[in-house]
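Colleague:
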Amino acid sequence: MTQRTTSNSQSRLSSDRKVFRASRSTSFSHPLFAVAFMLVSCAFLLPQGAVAQQSETQPVSQIVTIDRQSLFNLTSYGKRVLASVKAERERLINETRSAEIALEQEERALTDQRAKLDPQSFRVLADAFDSKVSELRREAEVREQGFVKTLESEQSAFFERIGPILGELVRELGAVVILDRRAILLSTSNIDITELAVQRINDRLGDGSEETAVPNPDPEGAPAPNQPAQSEPEPSDAN
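Using full-length UniProt numbering, read the sequence shown as starting at 1 and increasing by one per residue.
(1) Using a Cβ-Cβ cut-off of 6 Å (strictly less than) and excluding sequence neighbours within five positions of Gln-105, which residues of its own chain qualify?
(2) Quick one: measure Cβ to Cβ for Arg-200 and Leu-179, integer angstroms, because I've assumed they're closer than 8 Å.
(3) Measure from the alpha carbon of Phe-72 to the alpha carbon of each residue in Ile-165, Glu-210, Asp-203, Val-198, then state which is nearest.
(4) Leaving out the 5 sequence neighbours to the left and right, which residues in its chain are closer than 7 Å to Leu-32 when beta-carbon positions are compared?
(5) Arg-80 and Ser-209: beta carbons closer than 8 Å?
(6) Does the Cβ of Val-124 have 16 or more other Cβ atoms within 10 Å, making it buried, or fewer, making it exposed?
(7) Mapping the DSSP letters down to three states, classify Val-148 as helix, strand or coil.
(8) Exposed or buried, which one is Glu-154 when buried takes at least 16 other CB atoms within 10 Å?
(9) Please report the distance separating the alpha-carbon of Leu-166 from that of Leu-151.
(10) What number of angstroms, rounded off, separates the C-alpha of Val-148 from the C-alpha of Glu-141?
(11) Can you list, in chain order, the residues of its chain whose CB lies under 7 Å from that of Asn-202, leaving out five sequence neighbours each side?
(12) Buried or exposed for Gly-174, going by 16 or more other Cβ atoms inside 10 Å?
(13) In whole angstroms, give me the CA-to-CA distance for Ser-70 and Leu-92.
(14) Go through its chain and collect everything with a Cβ distance to Ile-63's Cβ below 7 Å, but skip five positions before and after it.
(15) Does the distance from the C-beta atom of Arg-204 to that of Ile-66 stay below 8 Å?
(16) What residues are listed by DSSP as bridge partners for Asp-180?
(17) Kindly indicate which residue of Arg-114, Arg-137, Ala-183, Phe-122 has the alpha-carbon position closest to the one of Glu-95.
(18) Note down the Cα distance separating Asp-118 from Glu-135, rounded to an integer number of angstroms.
(19) Please list, in chain order, all residues of the same chain as Leu-103 whose beta carbon is under 8 Å from its beta carbon, the five residues on each side excluded.
(20) Expressed to the nearest angstrom, what Euclidean distance is found between the alpha-carbon atoms of Ala-126 and Gln-113?
(21) Cβ of Glu-159 within 8 Å of Cβ of Gly-78?
(22) Starting from the C-beta of Ile-162, find all residues in its chain whose C-beta is less than 6 Å away, skip the five residues before and the five after it, and write them out in chain order.
(23) Using only the alpha-carbon positions, how far apart do Leu-82 and Arg-143 sit?
(24) Just the Cα atoms here: how many angstroms apart are Gln-120 and Arg-108?
(25) Extract the residue ranges of the alpha helix (DSSP H) inside the segment 76-115, only unbroken runs of 4 or more that lie entirely within it.
(26) Suppose the cutoff is 6 Å on Cβ atoms and the five residues either side in sequence are ignored; what does the same chain contact list for Glu-100 look like?
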């Protein structure tokens with residue numbers, strides 16, 4: 001009984017050794033493993049200076065991203081527009097508030113006169129007062145819509161003017177596509193060029209109050225982010 005147990009144990013041990021040798025031989029001799037091992041070895045042997053130099057001269061990806069809203073808000077151009085719109089809005093808010101105070105005084109006076117007036121005369125004055133209140137609210141809504149339209153118009157003009165600048169920057173980085181970062185579900189931070197673009201725009205346009213000529217190395221210009229470039233029409237056959 002003891003000899004049979006010992007024999008079985010030795011048989012299993014011998015079998016396990018064969019399986020281990022077979023699996024080790026299969027795994028380490030596989031062509032894909034050999035290639036992966038060589039790539040990892042080369043990565044450790046590559047000088048760090050060469051890696052740093054490559055990252056400085058070449059983009060991590062041919063796709064780069066910007067944050068359109070931050071691009072407008074952080075540039076001197078965008079800050080000037082936002083400050084101007086804010087100042088005008090505050091001025092009109094103060095005017096509206098003054099009109100509201102005048103209406104409050106008129107309302108109190110009308111309330112005091114109610115006991116002295118007949119119902120029909122009071123109704124005429126009350127309807128006129130209600131019309132003034134409604135008109136003030138309507139004007140406030142129209143002004144607010146005007147602010148929104150003004151801001152949208154200024155933003156459109158901004159992105160139209162920076163198109164060539166972004167195109168130049170993208171070509172310098174060796175990229176081919178620029179996307180709005182907010183439209184991307186997941187991306188790495190090393191492909192975002194918002195800060196770099198802000199610096200370039202400030203250098204070229206300043207606060208945008210003066211019509212500064214923007215160099216355009218590409219006659220066709222550069223497409224704004226998320227807008228595809230227009231393809232050139234094919235030459236027509238003269239024959």
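Just so you know, even glycine gets a beta-carbon here, dropped at the ideal spot from N, CA and C.
Because the structure is a prediction, the values reported are computed rather than measured.
Modeller: From the atom records:
(1) none
(2) Incorrect: roughly 18 Å between the Cβ atoms, too far for contact.
(3) Val-198
(4) Low local confidence applies: a pLDDT of 38 at Leu-32 is under 50, so the model's placement there is unreliable, with the coordinate-based value given in what follows. Contacts found: none.
(5) yes
(6) Looking at its Cβ environment, which holds fewer than 16 other Cβ atoms inside 10 Å, Val-124 is exposed.
(7) helix
(8) buried
(9) About 21 Å.
(10) 11 Å
(11) Thr-75, Ser-76
(12) exposed
(13) 27 Å
(14) Ala-175, Val-177, Leu-179, Ile-191
(15) Taking 8 Å as the cut-off, the beta carbon of Arg-204 is found no closer than this to the beta carbon of Ile-66.
(16) Partner(s): Ile-66.
(17) Arg-137
(18) 26 Å
(19) Phe-129, Lys-132, Val-133, Leu-136
(20) Looking at the two C-alpha atoms, the distance is approximately 11 Å.
(21) In the sequence as displayed, the identity of residue 159 is Phe instead of Glu. In this structure, Phe-159 sits away from Gly-78, with a CB-CB distance that is not shorter than 8 Å.
(22) Sequence-distant Cβ neighbours of Ile-162 in its own chain, meaning closer than 6 Å and more than five residues away, are Ile-201.
(23) 16 Å
(24) 19 Å
(25) Taking 4 residues as the shortest admissible run, the segment 76-115 contains the following complete alpha helix (DSSP H) segments, listed from N- to C-terminal end: 76-113.
(26) Only residues of its own chain outside the window of five on either side were considered, and among them none has a CB closer than 6 Å to the CB of Glu-100.
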